[in-house]
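A.B. asks:
Residue numbers (my numbering), protein chains in the order written: chain R, 241 to 561; chain Y, 1020 to 1236; chain D, 130 to 300.
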């Protein structure tokens, strides 16, 4: 009986998240369009509202092309690895008090583990496709993920030190005592580092080198088509949402808000995640892409020292209070 | 040329990355400005005078036929040689146009044929939606060209006196223009206004070359 | 019962993937079977209530070390297999040595004593959470070995930097 309830919860979460993925793409196109004084999708449905559904149906019925020279088992497995790891990390996110599928003690570490595993999907896609564009995209993604995982982990160490826990629910609860009941102000350096590392981890502009379309066609997913392409796409957007949720939980106080919303406790959480997603899209509409050496320089020479400084300052803060 | 250097930033500007914030502010402002997109098939673009669209032969309201007299001026002037005319003299010795065809795929849309036509028989209409899937349908013969004219009258607000004042030969006195091109000129139309680069020519006409020298100094 | 089944599954997969890692002709497949092996190692840690170690196993070994291996594999061209002369030339001798090693391993097994010992039985760890228990132990009882290990790693990092740095030409 309990298993049945959990399965139902999983199905509901999956449906909601996939719907969000679809409409994030819609709003991304719409917002970027309006920022570039265009209109975005207008034809399918009222103001193009049915566009993501049409896209989904289209990619579902498209031919699944596997290149002749590709390494078939890995080529087929890569998008599944990407999507599964991203979906798995949804399980530990606390949307509100008690609204979490698996309230495990090492929630934050689990999220790290899953996000670092997702890079396998990209690397293997790049290698298995047996094409130079995908290979270069895979290599770039590999280097990028390795370099940005470090500042990301270090930037969250400050949060772990302040809250004294790795459990996401407890991190949110622990923030109740700080200013505005969020960790943004004691951890402003950590948040800065986390935010940049988050953009790089999700391969978003300005760090979208793995799929830099002006140089690499479409990077690691050049050879993919149809449903498998859509799976990569979904993984990328779920990754965005997971990262936004980590930011919300660790720095913006999770479901805490100025006042309680009756009947719908995750209201503030969802609002903050939407804010993050808007920021992602806004940055994509504004900034150009980083050069590869600039990306590495930023990660190793600026973000990691800053994150270490943040840990040091947080330690001092803990000692003197 | 003056080299544009980056403006100097102070420390605060470096920490907060002011340029990035300025760029973000710009895109945010543009988010709320009205889009300039024209939803094309529903919303047609405005046509300006002088547009060189689909070719047509003007249908004479009296004879219901083309006004063309077969003078071959358009054939001669056409730089891409896409016009073909065949004429025949009838029993009375009067010239009669047997066939008139324009190969649109070779046309460069210079509009010279319209300029030189002494009777205003060939025109370029304001229609631009005539794409086709085969080459044959883009070789306009006389019948098609006349039908193009009918379609143009039907779909636009113009009447059969449609004359585009921008297609008059440059620098030709008003009196020596063809009768068809003398009609319907807007009040502000001048011959001088038709010269391209008017500002360059005027000093020469006045004999004041010093004017350009003063500009250089 | 369920725990034992899970252990059997993890252990057999670990052995199987370890063998596969050696047997695969394609080095990328070898690395991937090691990836599966690391997953099941993490599973074993979870069975032992060591969730922190399990997460670190995946983050560090699967997420970073193996990715670096793949990086090196991709950068090095491995078109033809490297043939190195065998350490022990006789096939029979090699078999005998490995069987002997395996047997001696098996003979050690009875000397393991199972059961809760020391300050941290299972109940205490679940109450304290594994992360905290391990942190306390590392930073109090085993502080000196921990720091020594850190120092050795630091030396390795500096050594890597020295090796990677190009000698500047003397003008």
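Note that beta-carbon positions come from the ideal geometry of N, C-alpha and C, so glycine has one too. Just so it is clear, the structure is predicted and the values come from calculations on it, not from any experiment.
1. What do you reckon, is the C-beta of residue 1099 (chain Y) under 7 Å from a heavy atom of the ligand GDP?
2. If the criterion is Cβ atoms closer than 8 Å, does the pair residue 384 (chain R) and residue 319 (chain R) meet it?
3. Taking the CB atoms as reference points, tell me whether residue 380 (chain R) and residue 530 (chain R) lie closer together than 8 Å.
4. Whose CA, out of Y:1038, Y:1143 and Y:1119, lies closest to the CA of residue 1172 (chain Y)?
5. CA-CA distance, residue 291 (chain D) and residue 540 (chain R)?
6. For residue 1114 (chain Y), does the count of other Cβ atoms within 10 angstroms reach 16, so buried, or fall short, so exposed?
7. Just by C-beta distance, which residues in the segment 322-344 of chain R are closer than 8 Å to chain D?
8. Are at least three pairs of beta-carbons, each pair with one atom in the segment 286-301 of chain R and one in the segment 366-374 of chain R, less than 8 Å apart?
9. Contact defined as beta carbons within less than 8 Å: I believe residue 1087 (chain Y) pairs with residue 1140 (chain Y). What is the distance between those atoms, to the nearest angstrom?
10. Given a threshold of 16 other Cβ atoms within 10 Å of its Cβ, counted over all protein chains shown, does residue 180 (chain D) qualify as buried or as exposed?
11. Compute the Euclidean distance between the alpha carbons of residue 1234 (chain Y) and residue 1022 (chain Y), then round it to the nearest angstrom.
12. Quick check on DSSP: helix, strand or coil for residue 1115 (chain Y)?
13. Could you spell out the range, first to last residue, of the alpha helix (DSSP H) harbouring residue 133 (chain D)?
14. Can you tell me the Cα-Cα spacing of residue 294 (chain R) and residue 280 (chain R), whole angstroms?
15. At the level of alpha carbons, what is the spacing between residue 223 (chain D) and residue 217 (chain D)?
16. If you scan the segment 1038-1108 of chain Y from start to end, which runs of the alpha helix (DSSP H) of 4 or more residues do you find wholly inside it?
17. Which of helix, strand or coil does DSSP assign to residue 1121 (chain Y)?
18. Please classify residue 288 (chain D) as buried or exposed, where buried requires at least 16 neighbouring CB atoms within 10 angstroms.
19. Run the CB neighbour count on residue 526 (chain R), radius 10 Å, all protein chains shown included, and call it buried at 16 or more, exposed below.
20. Along the chain, which unbroken stretches of the beta strand (DSSP E) at least 3 residues long are found entirely within the segment 399-461 of chain R?
21. With DSSP collapsed to three states, give me the class of residue 489 (chain R).
22. Report the rounded CA-to-CA distance for residue 1222 (chain Y) versus residue 1124 (chain Y), giving the unit in angstroms.
23. Determine whether the Cβ of residue 1064 (chain Y) lies closer than 8 Å to any Cβ atom of chain R.
24. Could you tell me if residue 1232 (chain Y) is buried or exposed, where buried requires 16 or more neighbouring beta carbons within 10 angstroms of its beta carbon?
25. Opposite residue 1159 (chain Y) in the DSSP bridges: which residues?
26. Using a Cβ-Cβ cut-off of 8 Å (strictly less than) and excluding sequence neighbours within five positions of residue 1079 (chain Y), which residues of its own chain qualify?
27. Counting C-beta neighbours from all protein chains within 10 Å, is the total for residue 494 (chain R) 16 or more, i.e. buried, or is it exposed?
28. Under the three-state reduction of DSSP, which class applies to residue 1142 (chain Y): helix, strand or coil?
29. Does DSSP classify residue 312 (chain R) as helix, strand or coil?
30. So, at 7 Å on beta carbons, what are the nonlocal neighbours of residue 504 (chain R) in its own chain, with the 5 sequence-adjacent residues on each side left out?
31. Just the chain R side, please: which residues come within less than 8 Å of residue 1089 (chain Y) by C-beta, in chain order?
32. Do the CB positions of residue 483 (chain R) and residue 323 (chain R) come within less than 8 Å of each other?
33. Under 7 Å Cβ to Cβ from residue 589 (chain R), same chain only, skipping five residues before and after it: list those, please.
34. Assign residue 531 (chain R) to one of three DSSP states: helix, strand, or coil.
35. Quick one: which unbroken alpha helix (DSSP H) runs of 4-plus residues sit fully inside the segment 193-267 of chain D? Chain order, please.
C.D. replies: Let me lay it out:
1. Questions concerning the ligand GDP fall outside what the structure shown contains, since it holds no ligand whatsoever.
2. As a position in the first chain, residue 384 (chain R) is number 144, starting the count at 1. As a position in the first chain, residue 319 (chain R) is number 79, starting the count at 1. Cβ atoms of residue 384 (chain R) and residue 319 (chain R): not closer than 8 Å.
3. If you number the first chain from 1, residue 380 (chain R) lands on position 140. If you number the first chain from 1, residue 530 (chain R) lands on position 290. No, the pair does not count as a contact, with Cβ atoms beyond the cut-off.
4. Here residue 1172 (chain Y) is taken as the residue at index 153 of the second chain, counted from 1. It is Y:1143 whose Cα lies nearest to the Cα of residue 1172 (chain Y).
5. Here residue 291 (chain D) refers to the residue found at position 162 when the third chain is read from its first residue. Here residue 540 (chain R) refers to the residue found at position 300 when the first chain is read from its first residue. C-alpha separation (whole angstroms): 17 Å.
6. Start at 1 with the first residue of the second chain, and residue 1114 (chain Y) comes out as number 95. By the neighbour-count rule (16 or more Cβ atoms within 10 Å), residue 1114 (chain Y) is not buried but exposed.
7. Answer in chain order: 344.
8. Between the segment 286-301 of chain R and the segment 366-374 of chain R, the count of Cβ pairs shorter than 8 Å is below three; the stretches do not touch.
9. In the second chain, the residue the question calls residue 1087 (chain Y) occupies position 68. In the second chain, the residue the question calls residue 1140 (chain Y) occupies position 121. Confirmed, about 4 Å.
10. On the third chain, residue 180 (chain D) is found 51 positions in, with the first residue counted as 1. Buried is the call here.
11. For the purposes of this step, residue 1234 (chain Y) is taken as the residue at position 215 of the second chain. For the purposes of this step, residue 1022 (chain Y) is taken as the residue at position 3 of the second chain. Caution is warranted here: a pLDDT of 44 is assigned to residue 1234 (chain Y), below 50, making its placement in the model unreliable, and no coordinate value can be reported.
12. For this step, residue 1115 (chain Y) is matched to residue 96 along the second chain. Looking at residue 1115 (chain Y) - three-state DSSP - the assignment turns out to be strand.
13. Mapped onto the third chain, residue 133 (chain D) falls at position 4. Element bounds for residue 133 (chain D): 131-152.
14. As a first step, residue 294 (chain R) is located in the first chain; it is residue number 54 there, counting from the start. As a first step, residue 280 (chain R) is located in the first chain; it is residue number 40 there, counting from the start. C-alpha separation (whole angstroms): 15 Å.
15. For the purposes of this step, residue 223 (chain D) is taken as residue 94 along the third chain, with counting starting at 1. For the purposes of this step, residue 217 (chain D) is taken as residue 88 along the third chain, with counting starting at 1. Rounded to whole angstroms, residue 223 (chain D) to residue 217 (chain D) spans 6 Å at the Cα level.
16. Those alpha helix (DSSP H) runs which fall completely within the segment 1038-1108 of chain Y and span 4+ residues are 1092-1096.
17. To locate residue 1121 (chain Y), count along the second chain from 1; it is residue 102. DSSP places residue 1121 (chain Y) in strand when its eight states are reduced to three.
18. Reading the third chain from its first residue, position 159 is the one you call residue 288 (chain D). Residue 288 (chain D) comes out exposed.
19. Residue numbering aside, residue 526 (chain R) sits at position 286 when the first chain is read from its first letter. Residue 526 (chain R) sits buried, since 16 or more C-beta atoms from the chains shown fall within 10 Å of its C-beta.
20. Positions of the beta strand (DSSP E) runs, each at least 3 residues long and wholly inside the segment 399-461 of chain R, cannot be given because no such run exists.
21. Taking the first chain and counting its residues from 1, the one referred to as residue 489 (chain R) is at position 249. Note: residue 489 (chain R) maps to helix in three-state DSSP.
22. Here residue 1222 (chain Y) refers to the residue found at position 203 when the second chain is read from its first residue. Here residue 1124 (chain Y) refers to the residue found at position 105 when the second chain is read from its first residue. Bear in mind that a pLDDT of 47 at residue 1222 (chain Y), under 50, signals an unreliable position, so the number given afterwards is only what the model happens to contain. Computed Cα separation, rounded: 42 Å.
23. Numbered from its first residue, the second chain carries residue 1064 (chain Y) at position 45. Chain R, which has no Cβ nearer than 8 Å to the Cβ of residue 1064 (chain Y), makes this no.
24. On the second chain, residue 1232 (chain Y) is found 213 positions in, with the first residue counted as 1. Unreliable positioning characterises residue 1232 (chain Y) in this predicted model, as indicated by a pLDDT of 41, which lies under 50. The coordinate reading is nonetheless provided below. Residue 1232 (chain Y) should be labelled exposed.
25. Numbered from 1 along the second chain, position 140 holds the residue referred to as residue 1159 (chain Y). Beta bridge pairing from DSSP links residue 1159 (chain Y) with Y:1121.
26. Taking the second chain and counting its residues from 1, the one referred to as residue 1079 (chain Y) is at position 60. Correct list, in chain order: 1085 and 1086.
27. Taking the first chain and counting its residues from 1, the one referred to as residue 494 (chain R) is at position 254. Result: buried.
28. Translated into positions along the second chain, residue 1142 (chain Y) becomes position 123. In the structure shown, residue 1142 (chain Y) adopts extended strand secondary structure according to DSSP, grouped into three states.
29. In the first chain, counting from the first residue as 1, residue 312 (chain R) sits at position 72. The answer is helix: DSSP assigns residue 312 (chain R) an H, G or I state.
30. Stepping through the first chain from its first residue, residue 504 (chain R) is reached at position 264. Spatial neighbours of residue 504 (chain R) in its own chain (CB-CB distance under 7 Å, excluding positions within 5 residues in sequence) are not present.
31. By 1-based counting over the second chain, the position of residue 1089 (chain Y) is 70. Here the premise fails: no neighbours, minimum Cβ distance about 49 Å.
32. On the first chain, position 243 is the one that residue 483 (chain R) refers to. On the first chain, position 83 is the one that residue 323 (chain R) refers to. It is not a contact, given that the beta carbons lie outside the stated cut-off.
33. Any property of residue 589 (chain R) remains undetermined from this structure, which presents chain R solely from 241 to 561.
34. Locating residue 531 (chain R) in the first chain gives position 291, where the first residue counts as 1. Residue state, collapsed to three classes: coil.
35. Within the segment 193-267 of chain D, the complete alpha helix (DSSP H) runs of at least 4 residues are 195-204, 220-237 and 251-257.
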